[in-house]
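J.: Input: one structure, supplied below.
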Amino acid sequence: MEKQDKFHEDYFGSDHVTVIVPETGWRKLDIRELWAYRELLKALIVRDIKIRYKQTVLGVAWAILQPVVTMIVFTIVFGKLAKLPTDGYPYPIFLYSALLPWMFFANAIGTAGGSLIGSSHLVSKVYFPRLIIPFSSIGSGLVDLSISTGILLLLMLYYGVPLTANIFAAPVLLVGVIFTALGVGTLLSAVTVAYRDFRFVVPFMVQIWLFCTPVVYAMSLIPDRWQWILGLNPMAGVVEGFRAAFLGKPFDLVTLTISFSISTLIFVIGIIYFEKVERRFADII
Amino acid sequence: MNAAVRVEHLGKQYVVGGAEQIYGSFREMITGVFTAPLQRYRKLKGAVHAKDTFWALRNVSFEIEPGEVTGIIGRNGAGKSTLLKILSRITAPTEGRAILSGKVASLLEVGTGFHPELTGRENIYLNGTILGMTQKQIRSRFDDIVSFAEIESFLDTPVKRYSSGMYVRLAFSVAAHLDPDILIVDEVLAVGDAAFQEKCLRKLDSASKEGRTVLFVSHNLKMISALCDSCIVLNNGKVLSKGKVSDQVNLYLASLFDETEVSENPDATEEQGPIVIDNVRVCSTNGDSSVIKLGDDVSFEFRYNADNLDGKAISVGFSLQDTTTGEFVLVYYSEFNNVYFYDVNGKGIVRCLVEHLPVVPGKYLIACRVVADNREIFFKENIGVAVIRDGDFYGTGRLGHRAEELTKVLVDGSWEHLSGITEIGDVNEAS
Chain A
1 MEKQDKFHED
11 YFGSDHVTVI
21 VPETGWRKLD
31 IRELWAYREL
41 LKALIVRDIK
51 IRYKQTVLGV
61 AWAILQPVVT
71 MIVFTIVFGK
81 LAKLPTDGYP
91 YPIFLYSALL
101 PWMFFANAIG
111 TAGGSLIGSS
121 HLVSKVYFPR
131 LIIPFSSIGS
141 GLVDLSISTG
151 ILLLLMLYYG
161 VPLTANIFAA
171 PVLLVGVIFT
181 ALGVGTLLSA
191 VTVAYRDFRF
201 VVPFMVQIWL
211 FCTPVVYAMS
221 LIPDRWQWIL
231 GLNPMAGVVE
241 GFRAAFLGKP
251 FDLVTLTISF
261 SISTLIFVIG
271 IIYFEKVERR
281 FADII
Chain B
1 MNAAVRVEHL
11 GKQYVVGGAE
21 QIYGSFREMI
31 TGVFTAPLQR
41 YRKLKGAVHA
51 KDTFWALRNV
61 SFEIEPGEVT
71 GIIGRNGAGK
81 STLLKILSRI
91 TAPTEGRAIL
101 SGKVASLLEV
111 GTGFHPELTG
121 RENIYLNGTI
131 LGMTQKQIRS
141 RFDDIVSFAE
151 IESFLDTPVK
161 RYSSGMYVRL
171 AFSVAAHLDP
181 DILIVDEVLA
191 VGDAAFQEKC
201 LRKLDSASKE
211 GRTVLFVSHN
221 LKMISALCDS
231 CIVLNNGKVL
241 SKGKVSDQVN
251 LYLASLFDET
261 EVSENPDATE
271 EQGPIVIDNV
281 RVCSTNGDSS
291 VIKLGDDVSF
301 EFRYNADNLD
311 GKAISVGFSL
321 QDTTTGEFVL
331 VYYSEFNNVY
341 FYDVNGKGIV
351 RCLVEHLPVV
361 PGKYLIACRV
371 VADNREIFFK
381 ENIGVAVIRD
391 GDFYGTGRLG
401 HRAEELTKVL
411 VDGSWEHLSG
421 ITEIGDVNEA
431 S
């Protein structure tokens, strides 16, 4: 506790000296400052969650309905009509275990993309590390994710698919998804401030991205020697990884490694770009 | 001792016309890749005039000692807000630097980050965190914040149900309990009722007595005079002068009259709305029309130039600002009389006839505003000057000379003696 306050003191204490100088190209990410502002991150996440469930009439029901309806429609189209192979699992579970990280990701980059524009009243009136905004916007999606994870466990019970030790990999994979979502979301939020009409590009991008990711189909549908290309899509490895974690399939470590590396790269690029344009936000928002 | 705030050659440049190069759209960026060489060619030929950049602030330097309360005054567009935005780290300067020693809290707006759906309690925590307090600090000051704002019984009501007064009280209260070393305050006290304003001023005053440095921007010169030790006058993005508050306020008032100094207000050029009022004439309808006397019937004529109003109902209003104190003595909109103008187009005049002018002798600046759909579509300060001379307001010659020493405005009523009634409450029944 004492130590935590020290960080805050460094940035908010009486000994702090603020030096304001013109922006000069690349800026180094001030991780200590970000840490000093972590309470703000928490407060904004809590705000988003509260508002999300206060405002919508359906509230929690919405968090259940969205993935379940998607699952039913996809099951009918891809499972029953197109009869896509599922490595022997019932299609609803096969799909849902992948839909879980995908829907979190799709929602996260959607909200993060518009987050800076949506917070223009904050950006133009008070200083804090702007990175907090896209980061916090992803938080409320985690609540939805845990609700839909509950549904998956119920489904598995219904279809009699047992949990295996693989499930312990889920938290690691979740970190991977969050990481990717933060990277892409941060990048999109900064680009959307500079180019307003970019927000029309995002839904389209998400749609294409969905079909480049083994959500409705299995990775095994792709010939072995080409699978690594799919791995270049950072969501491919993670989504297939989630499926393996819940359904007890073996992990594809090669694809996972490629995906994680790409995620890291996107994350770094996202942060660097964001930091570069951060100081201009208030002028152009 | 080191200065609490040191500003060295600070400057901020904005792009006025070529703005689309910054804002832009993704589509333009894509097409820009193809058209850029052509544009560059045209620019070389001088066909496209690269629209100017403009300095909102230039070469601004000053120092503020710890514990000093400094006011910043200047016309609209003088650079006050830009300066505060830079000192609050919302926008980066283009040149120069500023050094602030100690914990800084800036209050550019009351209630930043308040969310209407959240309760008073939730908003205290949210707003406090946004302003830089830790949960622990907020918790320990929570009761003070609530009692200062006087909203005890509405703590768990969403703030969207608050009256605007309650909202402002709560918002200011959170900010007032920040305990910073340096407090930067923009025109935030303009809202709220007089009693609460008074309370806020006392809070600011006690903050300065505790050795806090305060930087305070306001249009209310009376507030500035009451609160500040020293004052900085900004004009056209430069420091006109800095010094003792009383001298500076007089200097500023004098500069308002300097007709030669046309302020290069960026807002005014950018916000060239659907209507512009470019001239005002004030004249008396009694006797000599060029001399306006207290008690005269006075005509205020506003010349407008309008297009694209699309038959919108507009309300025209004006105010008179006393040039010796900076106080507004009169605000009058046509909508107060439920009068709206519908068919305003092209050039024309809107006239307001004020019978029996109740404003005491003095020199007044006229500001003018046009409102449509509850939104301001035109505003200009200092559009003209009204000089009011002494006159016989009551027509009795019984008001001692120099009404301006007694009051700001006069009223005319009737007086009678209700003989035989001894209790105040009985008056209505008797009449």
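Going down the list, the sequences are from chains A and B. Just so you know, we're using this note's numbering here: the first sequence kicks off at 1 and counts up by one. Just so you know, we're using this note's numbering here: the second sequence kicks off at 1 and counts up by one. Where is the CB? At the ideal position from N, CA and C, for every residue including glycine.
1. Hey, quick one: how far does the beta strand (DSSP E) through B:R351 stretch, first residue to last?
2. Any beta-carbon of chain A closer than 8 Å to the one on B:H417?
3. What's the gap between the Cα of A:I258 and the Cα of A:W228?
4. Cβ atoms of B:Y332 and B:G317: under 8 Å apart, would you say?
5. Please report the straight-line C-alpha distance between B:H177 and B:L118, rounded to a whole angstrom.
6. Please list, in chain order, all residues of the same chain as A:V68 whose beta carbon is under 7 Å from its beta carbon, the five residues on each side excluded.
7. Ignore the nearest five residues each way along the sequence and tell me which others in B:C283's own chain have a CB closer than 6 Å to its CB.
8. Can you check the region 50–123 of chain A for any alpha helix (DSSP H) of at least 4 residues that lies completely inside it and give the ranges in chain order?
9. Verify the CB distance criterion: does A:G13 have a CB-CB separation below 8 Å to chain B?
10. Can you tell me whether A:W306 is helix, strand or coil according to DSSP?
11. Kindly say whether A:P134, judged by its beta-carbon, lies nearer than 8 Å to any beta-carbon of chain B.
12. Counting C-beta neighbours from all protein chains within 10 Å, is the total for B:C231 16 or more, i.e. buried, or is it exposed?
13. What residue range does the beta strand (DSSP E) around B:Y333 cover?
14. Using a 10 Å radius around the Cβ and a threshold of 16 neighbouring Cβ atoms, would you call B:Q135 buried or exposed?
15. Less than 7 Å between C-beta atoms, sequence neighbours within five positions excluded: which residues of the same chain meet that for A:I115?
16. So, helix, strand or coil for B:T119, using DSSP?
17. Kindly indicate if chain A contains any beta-carbon less than 8 Å away from that of B:I90.
18. Exposed or buried, what is A:L247 when buried is set at 16 or more other beta-carbons lying within 10 Å of its beta-carbon?
19. What does a CB cutoff of less than 6 Å around A:P162 pick up in its chain, not counting 5 residues either side in sequence?
20. Using the DSSP secondary-structure output, state which residues sit across from B:Q13 in a beta bridge.
21. Sorted by chain position, which residues of the same chain lie with C-beta nearer than 7 Å to B:R58's C-beta, five sequence neighbours on each side aside?
22. Just the C-alpha distance for B:N374 and B:V185, rounded to the nearest angstrom, thanks.
23. Under three-state DSSP, which class holds B:G243?
24. Would you list, in chain order, the members of the region 72–100 of chain B that have their beta-carbon closer than 8 Å to a beta-carbon of chain A?
25. Residues of chain A with CB under 7 Å from B:E109, in chain order?
26. How far does the alpha helix (DSSP H) with B:V360 in it reach, from first residue to last?
27. Nearest to A:F179 by CA position, among A:F274, A:V254 and A:V238, is which residue?
28. Determine the burial state of A:Y127: buried for a count of at least 16 other Cβ atoms within 10 Å of its Cβ, exposed for fewer.
29. Looking at the C-beta of A:D30, does it have a partner C-beta in chain B at a distance below 8 Å?
30. Considering Cα atoms alone, identify which of B:F142, B:R121 and B:H9 is closest to B:I86.
31. Please state whether DSSP places B:S289 in a helix, a strand or coil.
32. Taking only the alpha-carbon atoms, compute the straight-line gap between A:D48 and A:L41 and give it to the nearest angstrom.
33. Note the first and the last residue of the continuous alpha helix (DSSP H) segment covering A:V175.
34. Looking at B:C368: is its Cβ nearer than 8 Å to the Cβ of B:I275?
35. Can you look up B:E264 in the DSSP assignment and give me helix, strand or coil?
36. Using DSSP with H/G/I as helix, E/B as strand and the rest coil, what is A:F251?
T.: According to the structure data:
1. As a first step, residue 351 of chain B must be located in the second sequence, where it is residue number 351. Its beta strand (DSSP E) spans residues G346 to V354.
2. Translated into the one-based positions of the second sequence, residue 417 of chain B becomes position 417. Not closer than 8 Å to any Cβ of chain A, the Cβ of B:H417 fails to qualify, so no.
3. Position 258 of the first sequence, counting from 1, holds the residue named residue 258 of chain A. Position 228 of the first sequence, counting from 1, holds the residue named residue 228 of chain A. Whole-angstrom Cα-Cα distance: 8 Å.
4. Residue numbering aside, residue 317 of chain B sits at position 317 when the second sequence is read from its first letter. Residue numbering aside, residue 332 of chain B sits at position 332 when the second sequence is read from its first letter. Against a cut-off of 8 Å, the Cβ pair of B:Y332 and B:G317 comes out as a contact.
5. Looking up residue 177 of chain B in the second sequence gives position 177. Looking up residue 118 of chain B in the second sequence gives position 118. The alpha-carbon atoms of B:H177 and B:L118 are separated by roughly 20 Å.
6. For the purposes of this step, residue 68 of chain A is taken as residue 68 along the first sequence, with counting starting at 1. Cβ neighbours of A:V68 beyond the five flanking positions: I151.
7. By 1-based counting over the second sequence, the position of residue 283 of chain B is 283. Setting aside the 5 residues that flank it on each side, B:C283 is surrounded in the same chain by S289 and S299, each with a C-beta closer than 6 Å to its C-beta; the list follows chain order.
8. Complete alpha helix (DSSP H) runs here, min 4: 60–74, 91–118 and 120–123.
9. The residue given as residue 13 of chain A occupies position 13 in the first sequence. Judged by the 8 Å Cβ criterion, A:G13 is in contact with chain B.
10. Shown here, chain A extends from 1 to 285; a query on residue 306 of chain A therefore has no answer.
11. Numbered from its first residue, the first sequence carries residue 134 of chain A at position 134. Not closer than 8 Å to any Cβ of chain B, the Cβ of A:P134 fails to qualify, so no.
12. Residue mapping note: residue 231 of chain B aligns to position 231 of the second sequence, counting from 1. By the 10 Å Cβ count, B:C231 comes out buried.
13. Translated into the one-based positions of the second sequence, residue 333 of chain B becomes position 333. That run of the beta strand (DSSP E) goes F328 to Y333.
14. Locating residue 135 of chain B in the second sequence gives position 135, counting from the first residue. Classification of B:Q135: exposed, given that the 10 Å Cβ count is below 16.
15. For the purposes of this step, residue 115 of chain A is taken as residue 115 along the first sequence, with counting starting at 1. As written in the sequence, residue 115 of chain A is Ser, which differs from the Ile given in the question. Contacts found: I133, P134, S137 and S189.
16. Position 119 of the second sequence, counted from the start, is the residue given in the question as residue 119 of chain B. Here B:T119 carries a strand assignment [DSSP, helix/strand/coil].
17. Along the second sequence, one-based indexing puts residue 90 of chain B at 90. B:I90 counts as touching chain A.
18. Along the first sequence, one-based indexing puts residue 247 of chain A at 247. By the Cβ-count criterion, A:L247 is buried, with 16 or more other Cβ atoms from all chains shown falling within 10 Å of its own Cβ.
19. Reading the first sequence from its first residue, position 162 is the one you call residue 162 of chain A. The answer is none, since no qualifying residue turns up.
20. Taking the second sequence and counting its residues from 1, the one referred to as residue 13 of chain B is at position 13. Answer is B:W55, bridged to B:Q13.
21. For the purposes of this step, residue 58 of chain B is taken as residue 58 along the second sequence, with counting starting at 1. Within the same chain, B:R58 has close Cβ partners G11, G237 and K238.
22. In the second sequence, residue 374 of chain B corresponds to position 374, counting from 1. In the second sequence, residue 185 of chain B corresponds to position 185, counting from 1. One C-alpha to the other measures close to 27 Å.
23. Counted from its first residue, the second sequence places residue 243 of chain B at position 243. Strand at B:G243.
24. Contact residues of the region 72–100 of chain B toward chain A are K85, I86, L87, S88, R89, I90, T91, A92, P93, T94, E95, G96, R97, A98, I99 and L100 (C-beta to C-beta distance below 8 Å).
25. For the purposes of this step, residue 109 of chain B is taken as residue 109 along the second sequence, with counting starting at 1. Scanning chain A for C-beta atoms nearer than 7 Å to the C-beta of B:E109 yields K125, reported in chain order.
26. Position 360 of the second sequence holds residue 360 of chain B. Under the DSSP assignment, B:V360 falls outside any alpha helix (DSSP H); it carries neither an H nor an E label.
27. Along the first sequence, read from residue 1 onward, the residue named residue 179 of chain A stands at position 179. Cα-wise, what sits closest to A:F179 is A:V238.
28. Counting from 1 along the first sequence, the entry for residue 127 of chain A is found at position 127. A residue is called buried once 16 or more other Cβ atoms fall within 10 Å of its Cβ, and A:Y127 is buried on that count.
29. In the first sequence, counting from the first residue as 1, residue 30 of chain A sits at position 30. No, A:D30 does not count as interfacial toward chain B.
30. Residue mapping note: residue 86 of chain B aligns to position 86 of the second sequence, counting from 1. The option with the nearest alpha carbon to B:I86 is B:H9.
31. Translated into positions along the second sequence, residue 289 of chain B becomes position 289. Looking at B:S289 - three-state DSSP - the assignment turns out to be coil, as it is neither helix nor strand.
32. On the first sequence, position 48 is the one that residue 48 of chain A refers to. On the first sequence, position 41 is the one that residue 41 of chain A refers to. The alpha-carbon atoms of A:D48 and A:L41 are separated by roughly 11 Å.
33. Numbered from its first residue, the first sequence carries residue 175 of chain A at position 175. Residue range A170 to A194 is occupied by the alpha helix (DSSP H) that includes A:V175.
34. Within the second sequence, residue 368 of chain B is the residue found at index 368, counting from 1. Within the second sequence, residue 275 of chain B is the residue found at index 275, counting from 1. Not a contact, by the Cβ cut-off of 8 Å.
35. On the second sequence, residue 264 of chain B is found 264 positions in, with the first residue counted as 1. Its pLDDT being 42, under 50, B:E264 is placed unreliably by the model, and nothing is read from it.
36. Position 251 of the first sequence, counting from 1, holds the residue named residue 251 of chain A. Three-state DSSP puts A:F251 in coil, outside helix and strand.
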